[in-house]
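Q: Dropping the structure in here first, questions after.
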Amino acid sequence: MHVFDAAAVHDALAWEFLIEALRQAHLGAMPASDVVVQSDPGGSEGQFVTLPGWAPGGPIVVKMVGVFPQNASLQPPQPAVQGLVALFDGKTGAPVLTADGAAMTARKTAADSALGASILARHDVEDLLIVGAGALAPYFAQAHLAARPSLRRVTIWNRTASRAEAVAAQLRDKGLEITVSDDLDRSVANADLVSCVTMSDTALIKGALLRPGAHLDLVGAYMPTLREADDEALARGTIFVDCRNNMQSGGDLSQAVASGAITWDSVRADLFDLVQGKAEGRTSDQQITVFKNNGGAHLDLFTASALATRIS
């Protein structure tokens, strides 16, 4: 059995390689998947999530992660999401590899959105706005830049400006030109691609401000009580999801359905439909596209399978 620590995961899963691996994986059938969420019996915000997935005739994955939002305030800070991903042979059950859960989550989640943007965002996008400055933020900037090389400018906004500055410094260390915004509404209005990576419980993105042709990537709001974009953003945009199986669990779509702004039929397609050519993505340069990144064990399986091909 091979063991990948965080550094080895990041080294093995270059963005271009992983985005293409996810694209190829979506040409096949949806794996069987499930999710078990346990909340801290002691009453904290912490949760522990177990996500098993099994591809037809293929491998098995089990992702085991803790979700502890309070970790950012620890000294030193720790990732809010960390744990392990294990891949097993689907015919014998033998373990193939284990990998750092935080690194795998960062790579998988960002590559998922980047694959969506590679299909749905305009080919000439230049301005990327990252909303949020948590542990995932720098990975989303890098993944979107890999998926859309036309991007020229990256802006980071966060409620706490010092955290936005810290993310910007990380990205500048990689040679990127980064701006920190103190005005979210102005930055949304100027962006071609808006990627929200937050734990917000109130809508941050005002749909009225989205420019024609914008692509909105919604990543947080994985629970019904969370929200990143308002009803108008969902109503103005053509909505796509990574997978229909768990799209009802997130607050952006479920709250907009509850208010009557959209219906579940408003979801045009998922990544399986788009990659397999069963549905059309962007149809004009003026169209606003919305991609809801729901995650799921199938993506952990696809990412772990890609990692397994790097075993020498």
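Numbering (my numbering), first residue to last: -19 to 292.
Backbone N, C-alpha and C define an ideal beta-carbon position, used for all residues, glycine too.
Is Leu214 buried or exposed, if buried means 16 or more other CB atoms sit within 10 Å of its CB?
A: As a position in the sequence shown, residue 214 is number 234, starting the count at 1. Buried is the call here.
Q: Which whole-angstrom value is the C-beta distance of Asp210 and Ala183, which I expect to be below 8 Å?
A: In the sequence shown, counting from the first residue as 1, residue 210 sits at position 230. In the sequence shown, counting from the first residue as 1, residue 183 sits at position 203. Indeed, because the Cβ distance is near 4 Å, the residues count as touching under 8 Å.
Q: Comparing alpha-carbon positions, which option in Asp(-9), Met179, Ile219, Leu196 lies nearest Tyr202?
A: The residue labelled residue 202 in the question sits at position 222 within the sequence shown. That would be Met179, whose Cα lies nearest to the Cα of Tyr202.
Q: CB-CB under 7 Å to Glu145, same chain, minus the five flanking residues each way: which ones, in chain order?
A: Locating residue 145 in the sequence shown gives position 165, where the first residue counts as 1. Result list for Glu145: Val160, in chain order.
Q: Looking at the secondary structure, which residues open and close the alpha helix (DSSP H) in which Leu100 lies?
A: Sequence index remark: in the sequence shown, residue 100 carries index 120 (1-based). 81 to 100 is the span of the alpha helix (DSSP H), which, as asked, contains Leu100.
Q: Which residues does DSSP list as the beta-bridge partners of Arg133?
A: The residue you call residue 133 lines up with position 153 of the sequence shown. Answer is Asp107.
Q: What span of residues does the alpha helix (DSSP H) with Ser24 cover, start to end?
A: Counting from one through the sequence shown, the residue named residue 24 turns up at place 44. Note, Ser24: premise wrong, no alpha helix (DSSP H); not H, not E.
Q: In the DSSP output, which residue or residues are listed as bridge partners for Ser13?
A: Residue 13 sits at position 33 when you count from the first residue of the sequence shown. The partner list for Ser13 (beta bridge, DSSP) reads Gly33.
Q: Suppose you measure from the CA of Leu95 to the CA of Gly22; what does that come to, to the nearest Å?
A: The residue you call residue 95 lines up with position 115 of the sequence shown. The residue you call residue 22 lines up with position 42 of the sequence shown. So the two alpha carbons sit approximately 38 Å from each other.
Q: Rounded to whole angstroms, what's the CA-CA distance from His124 to Pro39? Just pull it up for me.
A: Start at 1 with the first residue of the sequence shown, and residue 124 comes out as number 144. Start at 1 with the first residue of the sequence shown, and residue 39 comes out as number 59. Approximately 28 Å between the Cα atoms of the pair.
Q: How long is the line joining the alpha carbons of Thr218 and His195, rounded to whole angstroms?
A: Counted from its first residue, the sequence shown places residue 218 at position 238. Counted from its first residue, the sequence shown places residue 195 at position 215. Their backbone Cα atoms lie some 10 Å apart in a straight line.
Q: Which one of Gly257, Asn226, Phe271, Ile(-1) has the shortest CA to CA distance from Val16?
A: Stepping through the sequence shown from its first residue, residue 16 is reached at position 36. Cα-wise, what sits closest to Val16 is Asn226.
Q: Run through DSSP, which three-state label would Leu173 get?
A: Position 193 of the sequence shown, counted from the first residue, corresponds to residue 173. It is a strand residue.
Q: Can you list, in chain order, the residues of its chain whose CB lies under 6 Å from that of Ala64, leaving out five sequence neighbours each side?
A: Walking along the sequence shown from the start, residue 64 turns up at place 84. At residue 64 the sequence reads Leu, which differs from the Ala that was named. Contacts found: Met44, Thr78, Gly81.
Q: Roughly how far, in whole angstroms, is the beta-carbon of Leu116 from the beta-carbon of Thr89, given that I think they are within contact range, below 8 Å?
A: On the sequence shown, residue 116 is found 136 positions in, with the first residue counted as 1. On the sequence shown, residue 89 is found 109 positions in, with the first residue counted as 1. That belief holds up - the Cβ atoms of Leu116 and Thr89 are roughly 6 Å apart, short of 8 Å.
Q: Output the distance between the C-alpha atoms of Phe28 and Glu260, rounded to the nearest integer angstrom.
A: Looking up residue 28 in the sequence shown gives position 48. Looking up residue 260 in the sequence shown gives position 280. Rounded to whole angstroms, Phe28 to Glu260 spans 37 Å at the Cα level.
Q: Three or more beta-carbon pairs under 8 Å between the region 0 to 16 and the region 46 to 66, yes or no?
A: Short answer: they don't touch.
Q: Between which two residues does the alpha helix (DSSP H) containing Gly231 stretch?
A: As a first step, residue 231 is located in the sequence shown; it is residue number 251 there, counting from the start. From DSSP, the alpha helix (DSSP H) with Gly231 extends over 231 to 239.
Q: Could you give the uninterrupted runs of the alpha helix (DSSP H) lying entirely in the region -16 to 11, keeping only those of 4 residues or more?
A: Whole alpha helix (DSSP H) segments, 4+ residues: -14 to -8, -5 to 5.
Q: With Ala249 as the anchor, note down where its alpha helix (DSSP H) starts and where it stops.
A: Walking along the sequence shown from the start, residue 249 turns up at place 269. Ala249 -> not in any alpha helix (DSSP H); beta strand (DSSP E) instead, spanning 247 to 250.
Q: Rounding to the nearest angstrom, what Cα-Cα distance links Arg262 and Val(-11) in this structure?
A: In the sequence shown, counting from the first residue as 1, residue 262 sits at position 282. In the sequence shown, counting from the first residue as 1, residue -11 sits at position 9. Taking the straight line joining both Cα atoms gives about 32 Å.
Q: Buried or exposed: where does Met84 fall if 16 or more other Cβ atoms within 10 Å of its Cβ makes it buried?
A: Locating residue 84 in the sequence shown gives position 104, counting from the first residue. With 16 or more other Cβ atoms within 10 Å, it is buried.
Q: Look at the alpha carbon of Ala91 and the alpha carbon of Trp(-5), and state the distance between them as a whole number of angstroms.
A: In the sequence shown, counting from the first residue as 1, residue 91 sits at position 111. In the sequence shown, counting from the first residue as 1, residue -5 sits at position 15. Approximately 7 Å, taken between the alpha carbons.
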